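Undergrad: Sharing a structure with you now.
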Ligand code: PEP
Ligand code: MG
């Protein structure tokens, strides 16, 4: 075998071209057996029971594929998995571990070389080649397989095949938690047509096509209006803003121009539409921010909606009194709107994430949802289903005892949600009388009101980069004033902590690429970028201050500060902005100034900041990322990232001690503030102000109102003596379970970012 690297590159490249995971694995086994001139190449993947499922084979009997399951540790495949080591034999049959499976008809093969597929330390599969001759595979061949297996492990770890998704008739399918709760009902499949399958074709009458395009826009606009009205009674203004996002796209001149240009350059309407939708979906897909990335689904939805309208297919409202579970590759906002109120029990999306608008809407409507299940085969309408949004599972055709158990759970949760509803207006006070301030994190105008509805006492973090990200160029001072004013006015009388632009690292502006930095997380981001572009910072600071005139509830927050000089530079710019605006005749109050403590170096500098700043906000997402040297967005290390790591807790304690000694109030606005375990520990360590996504406030308030501070303090003390994050978690979870508060875990919605809705900023 020559040119191993060349073969490897060719196989990896070919596989990457196949769209479906099953096609990828079939291609892999076929290419390997051809390349190695092996009679057989098979790929086994581990299922949740540790069995090795024969997923694909080139050379073994076709009937065996997807049927053969080798029990854990059994046979040569089991030996490879258990030893995590290649097994290379000239005559497999003479090995004591050999295990014969009739369906494979493999008695014809003697040589055997199996290598493990390992991902994040776990064996996820075994790749095997076999041959008729009695001969050992060469070192080079074995090395080739080992290298290929490392590539395959990466490819398959994230594919639905690797998670051993059972088929519809097998009962359970796992996905991502989209919206909490248990829903029981009958399946209703959503089919959106396939705009992406539309090919380009010549346009014979450009004027007529342009006319059709405008008519189509009018039809779809009115459909959206009707859908919005259908759900309006149940949605907050902000979530109904999801529909405004669609309307905005339909009015967006860049989008409209794109389609028109397509038609004018000779493409027929559906082809021009497909090109424009693909272009915009791709723009969003390429964004690093997961929230904005998830917006590509909205673009697909609107594209399919336009295409269906062009085909003359109109949305039908569903006339049924059956309880319904909506399922589909994507379940659109329009599908949801078509279901009469009160009968939508659950949503299952084969694609999508917890940040999809479908999940946002499901959360707002209180409908349990499971996202990203991968396609579920053999599904038809009217199957009985259970959607378990708490664990991210879907149960198909449940047996009677399972159904009874879930019905009981459904009832228990309804009761608990009623309790949460009742405490919305109550303060967050521990059972022994300590009051905690709860703020909301936001970044879109569309998520202003959920915070208010859920009793937020202010905005703890307004991420200004989001209004910057959804534009095509830097917003002007006037545009920024208008956006900021709406937030400040909505929270009049309550503080709003506006953070100066925090781009760089994982947050990029589509119209101002920062170039390829080798270490973007350690590079030109946050305050470093804005101080270097002080013209942008000056415009932003002026806009913030102008927007707060007469409201005086603005507090400015600086991201990524690592040295005191950065605060000094900003203070000069702030003083300058104040002078300019006063000279322009504005009556202004100097806003309070705070620093995000999110770079470890900032901690030891806190003593130098009294007199320079007014408060501190702990950015626990970045602080954990930098303390643990774990990229918060890298799925390969995600399992190692836990903000209740003892190192993080110790630093939080140090921040509280130093800030306390220097008269600086401290709050925390990272994801720790919405993780029940972390909240218990933070309160125990002494934090009294937390800022989180609006949807998390009721649950966290419920936790605080059920908790004696003294227990939190004891748990924090114990945690600081622990070595392992898992140990810390299980202690706090056990304490909450003892206090009969375990429901907090099932009720915390899984949204990782400010959930928001439409990008209406
Ligand atoms: C943080 O780092 O904890 C934080 C709140 O900021 P962001 O997630 O926007 O970086
Ligand atoms: Mg941060």
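Residue numbers (our numbering): 733 to 1493.
In this text, a Cβ means the ideal position worked out from N, Cα and C, and glycines have one as well.
What you are looking at is a predicted structure, and each value in this text was computed from that prediction instead of being measured.
Counting only beta-carbon separations shorter than 8 Å, does residue 793 have a partner in chain D?
TA: The displayed structure is made up of one protein chain only, and chain D is not part of it.
Undergrad: DSSP three-state label for residue 1292, please.
TA: Coil, per DSSP.
Undergrad: Under 5 Å from any heavy atom of ligand 2, by CB: list those residues in chain order, please.
TA: Selection output, chain order preserved: 1330, 1351 and 1354.
Undergrad: According to DSSP, residue 858 sits in a beta bridge with which residue or residues?
TA: In the DSSP output, where bridge partners are listed per residue, residue 858 has 776 and 848.
Undergrad: Whose C-alpha, out of 1396, 1427 and 1431, is nearest the C-alpha of residue 1412?
TA: For residue 1412, the nearest C-alpha among the options comes from 1431.
Undergrad: To which residues of the same chain is residue 1134 closer than 6 Å at the C-beta, ignoring the five residues directly before and after it?
TA: Within the same chain, residue 1134 has no close Cβ partners at all.
Undergrad: Do you know offhand how far residue 1097's Cα is from residue 1118's?
TA: One C-alpha to the other measures close to 18 Å.
Undergrad: Can you have a look at residue 1239 and say buried or exposed, based on whether 16 or more other CB atoms are within 10 angstroms of its CB?
TA: Buried, since its Cβ has 16 or more Cβ neighbours within 10 Å.
Undergrad: Is residue 1032 closer than 8 Å to residue 1008 when the C-beta atoms are compared?
TA: No.
Undergrad: Of all the beta strand (DSSP E) runs that stay within the bounds of the segment 1307–1351, which reach a length of 3 or more residues?
TA: Entirely contained in the segment 1307–1351, the beta strand (DSSP E) runs reaching 3 residues are, in chain order, 1324–1329 and 1347–1350.
Undergrad: Out of 1384, 1195, 1357 and 1415, which has the shortest C-alpha to C-alpha gap to residue 1167?
TA: Taking only the C-alpha atoms, the option nearest residue 1167 is 1415.
Undergrad: Identify, in the order they occur along the chain, each residue of the same chain with its Cβ nearer than 6 Å to the Cβ of residue 1018, setting aside the five sequence neighbours on each side.
TA: Same-chain partners within the cutoff: there are none.
Undergrad: Do you know offhand how far residue 1172's Cα is from residue 880's?
TA: Taking the straight line joining both Cα atoms gives about 47 Å.
Undergrad: Using a 10 Å radius around the Cβ and a threshold of 16 neighbouring Cβ atoms, would you call residue 1441 buried or exposed?
TA: By the neighbour-count rule (16 or more Cβ atoms within 10 Å), residue 1441 is buried.
Undergrad: Just to confirm, does residue 935 get its C-beta within under 7 Å of one of the non-hydrogen atoms of ligand 1?
TA: Outside the cutoff, so no.
Undergrad: So, at 6 Å on beta carbons, what are the nonlocal neighbours of residue 818 in its own chain, with the 5 sequence-adjacent residues on each side left out?
TA: Result list for residue 818: 847 and 874, in chain order.
Undergrad: Measuring alpha carbon to alpha carbon, tell me which residue in 920, 1000 and 1067 is nearest residue 955.
TA: Of 920, 1000 and 1067, the residue nearest in Cα terms is 1067.
Undergrad: Out of 1220, 774, 989 and 934, point me to the one whose CA is closest to residue 949's CA.
TA: That would be 989, whose Cα lies nearest to the Cα of residue 949.
Undergrad: At 4 residues or longer, what runs of the alpha helix (DSSP H) sit wholly inside the segment 1381–1417?
TA: Qualifying alpha helix (DSSP H) stretches, in chain order: 1408–1417.
Undergrad: Residue 1373 by DSSP, collapsed to three states: which one?
TA: Of the three classes helix, strand and coil, the one that applies to residue 1373 here is coil, per DSSP.
Undergrad: Consider the C-beta atom of residue 755 and the heavy atoms of ligand 1; say whether any pair is separated by less than 7 Å.
TA: No - ligand 1 has no heavy atom lying nearer than 7 Å to the Cβ of residue 755.
Undergrad: I need the DSSP call for residue 1194, collapsed to helix, strand or coil.
TA: It is a strand residue.
Undergrad: Indicate, with yes or no, if ligand 1 has a heavy atom lying under 7 Å from the CB of residue 1195.
TA: Under cutoff, so the answer is yes.
Undergrad: First and last residue of the alpha helix (DSSP H) that includes residue 937?
TA: Here residue 937 belongs to no alpha helix (DSSP H), and DSSP marks it neither H nor E.
Undergrad: Please report the distance separating the alpha-carbon of residue 1562 from that of residue 784.
TA: The shown model of the chain, from 733 to 1493, leaves out residue 1562, and the question about it has no answer.
Undergrad: Tell me, please, whether the segment 1331–1342 touches the segment 1293–1305 by the rule of three or more beta-carbon pairs shorter than 8 Å.
TA: Flag = yes, the segment 1331–1342 and the segment 1293–1305 touch.
Undergrad: Would DSSP call residue 911 helix, strand or coil?
TA: Strand, per DSSP.
Undergrad: Give the list of continuous beta strand (DSSP E) stretches no shorter than 3 residues that lie fully inside the segment 779–831.
TA: Fully enclosed beta strand (DSSP E) runs of 3 or longer: 784–790 and 819–821.
Undergrad: Please state the DSSP three-state secondary structure of residue 1155.
TA: Of the three classes helix, strand and coil, the one that applies to residue 1155 here is coil, per DSSP.
Undergrad: Given the structure, does residue 1401 come close to ligand 1, in the sense that its CB is under 7 Å from one of the ligand's heavy atoms?
TA: Yes - ligand 1 has a heavy atom lying nearer than 7 Å to the Cβ of residue 1401.
Undergrad: Under 8 Å, do residue 1348 and residue 1288 count as touching if we go by C-beta distance?
TA: Contact flag unset, no.
Undergrad: Determine the burial state of residue 743: buried for a count of at least 16 other Cβ atoms within 10 Å of its Cβ, exposed for fewer.
TA: Result: buried.
Undergrad: Express the C-alpha separation of residue 862 and residue 820 in angstroms, rounding to a whole number.
TA: About 10 Å.
Undergrad: Return helix, strand or coil for residue 1120, following the three-state DSSP convention.
TA: If DSSP states are grouped into helix, strand and coil, residue 1120 belongs with the strands.
Undergrad: Kindly list the residues whose CB is nearer than 8 Å to the CB of residue 1213, restricted to its own chain and excluding five residues on each side of it in sequence; keep chain order.
TA: So the list reads 1275, 1278 and 1279, once near-sequence residues are dropped.
Undergrad: Please confirm whether any heavy atom of ligand 1 lies closer than 7 Å to the CB of residue 1234.
TA: Residue 1234 Cβ: within cutoff of ligand 1.
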